[in-house]
Amino acid sequence: KAVLLLGGTMKPFAHFTRQLFPELDSKNTRFFECGHVVPPEQVLSLAISKGPSGKPLKFNYQSRSSYEVIDELGRTISNIAKVVPEGLVIFFPSFGYKSKVRSRWESTKMMQNIQQRKSVLWESRDKHPSEILSKYSQLVKESKNGAMLMCVVGGKLSEGINFKDGLARGVAVVGMPYPNSQDPLIVEKISWINRKFGLDAQNDSKSKTKKKSSMDTPGQQYYENLCMRAVNQSVGRSIRHKGDYACVVLIDQRYSMDRISSQLPGWIQKRHRDVTSFGDAFKSICKFFSKMRRQMK
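For the record, in the sequence shown the residue sitting at position 279 is 272 according to the numbering used here, with numbers rising by one throughout.
Okay, here's the thing in structure tokens:
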């Protein structure tokens, strides 16, 4: 007998097998991941750790509200928008943070600077996705330099929407969209997973001499998996057929960590690299689209 699990965005796999088949020997589990229909040269994936001014881009709880970080994010997106043709989709980790960034940019000249690169449209909770997508599609076609859509991971535009061809020549994910750690459902689920699998290092008296990091517990691994599955769902909006091409930009220092990048889909990992400076990223993006323009003629 065998059980077959199929899905479009299942990676990371770990908690599926742990929760669905806790008694199953890992030797009896097989994973198969299909490649993508597009050739490797039609996708570029970059992890950006620093902005154009050399300031670090890290959107954890302690840093993300800093005006210095928000302003550097603005400079980063403005420069990327300068070289990405047609449509550019930006995913923020939450509606709250998107609003905070927008408010800061509009209080400075940053928003004006970005709008000089591309027409800008913001996702709104009170508008139907089809209405936003229709307006965005129109802007991409009619605006001289294309358009930019500012939306949210886990929002209505991050799942099931087809950003094919010019609607998403570029996709950028800002920060890491971890669920609210104070959500009672998340708190209880993490606690239950740690109890169920007997690996809660916080409460195990035997662990006093050998402490594990918080991410070593099954509950925290589950929490991180929720985040990375949302990221993978979002970046997958861009490549929709074998003739499509796009650049994926992950904006946060943490995407350079092996533990994080290893949870990206296989088709992204094969085309993914970290860059040491924003200048390197900018050159890579310019080179990629220059090559694609020649190839698609």
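Idealized CB from N, CA, C, for every residue including glycine. All figures in this text were calculated on a predicted structure; none of them were measured in a lab.
Taking C-beta to C-beta, are residue i and residue j nearer than 8 Å?
i: G44; j: R68; result: yes
i: S254; j: V268; result: no
i: S112; j: S136; result: yes
i: I261; j: S38; result: yes
i: V133; j: S227; result: no
i: G163; j: I73; result: yes
i: V94; j: R230; result: no
i: R110; j: N155; result: no
i: R118; j: F88; result: yes
Using the C-alpha atoms, what's the distance from residue j back to residue i?
i: A40; j: I107; result: 21 Å
i: M285; j: S174; result: 41 Å
i: C220; j: R287; result: 36 Å
i: E34; j: R188; result: 45 Å
i: A161; j: P177; result: 36 Å
i: H265; j: W115; result: 28 Å
i: M169; j: P86; result: 6 Å
i: W185; j: T210; result: 12 Å
i: G80; j: F14; result: 42 Å
i: A239; j: V36; result: 5 Å
i: D251; j: V242; result: 16 Å
i: H121; j: E16; result: 44 Å
i: Y54; j: Y90; result: 11 Å
i: Y216; j: K157; result: 30 Å
i: D197; j: A223; result: Any reading at D197 must be qualified, since the residue scores a pLDDT of 47, below 50, and its modelled position is unreliable; the value itself is stated next. Roughly 31 Å separates the two Cα atoms.
i: M103; j: P78; result: 20 Å
i: D237; j: T101; result: 36 Å
i: G212; j: L150; result: 28 Å
i: Q256; j: R247; result: 12 Å
i: G148; j: S92; result: 14 Å
i: K280; j: K182; result: 45 Å
i: D18; j: K235; result: 38 Å
i: L(-1); j: Y60; result: 43 Å
Quick check on the DSSP output: the alpha helix (DSSP H) that includes residue i runs from which residue to which?
i: V76; result: Y60 to V76
i: S127; result: P122 to E135
i: V228; result: P211 to V228
i: S92; result: F88 to S100
i: A274; result: F271 to Q288
i: S254; result: D251 to S254
i: R110; result: M103 to R110
Check for me: the beta strand (DSSP E) holding residue i runs from which residue to which?
i: S184; result: That residue, S184, is in no beta strand (DSSP E); its alpha helix (DSSP H) goes P177 to K189.
i: M141; result: A140 to V145
i: I154; result: Where I154 is concerned, there is no enclosing beta strand (DSSP E), given that its DSSP letter is neither H nor E.
i: G80; result: G80 to F85
i: S38; result: V36 to I41
My assumption, with CB atoms under 8 Å, is that residue i sits in contact with residue j. Please give the rounded CB distance.
i: L62; j: L50; result: Reading the sequence as shown, one finds Val at residue 62 and not Leu. Yes, they are in contact, since the Cβ atoms of V62 and L50 sit about 7 Å apart, within 8 Å.
i: D245; j: F52; result: 5 Å
i: F84; j: A165; result: 7 Å
i: F275; j: V76; result: 7 Å
i: V180; j: L66; result: No, V180 and L66 are not in contact; Cβ-Cβ is about 29 Å, not under 8 Å.
i: P258; j: N225; result: 5 Å
Per DSSP, residue i forms a beta bridge with which residues?
i: R118; result: For R118, which the question treats as bridged, DSSP gives no partner whatsoever.
i: H234; result: DSSP lists no partner for H234.
i: I261; result: DSSP lists no partner for I261.
i: A239; result: V36
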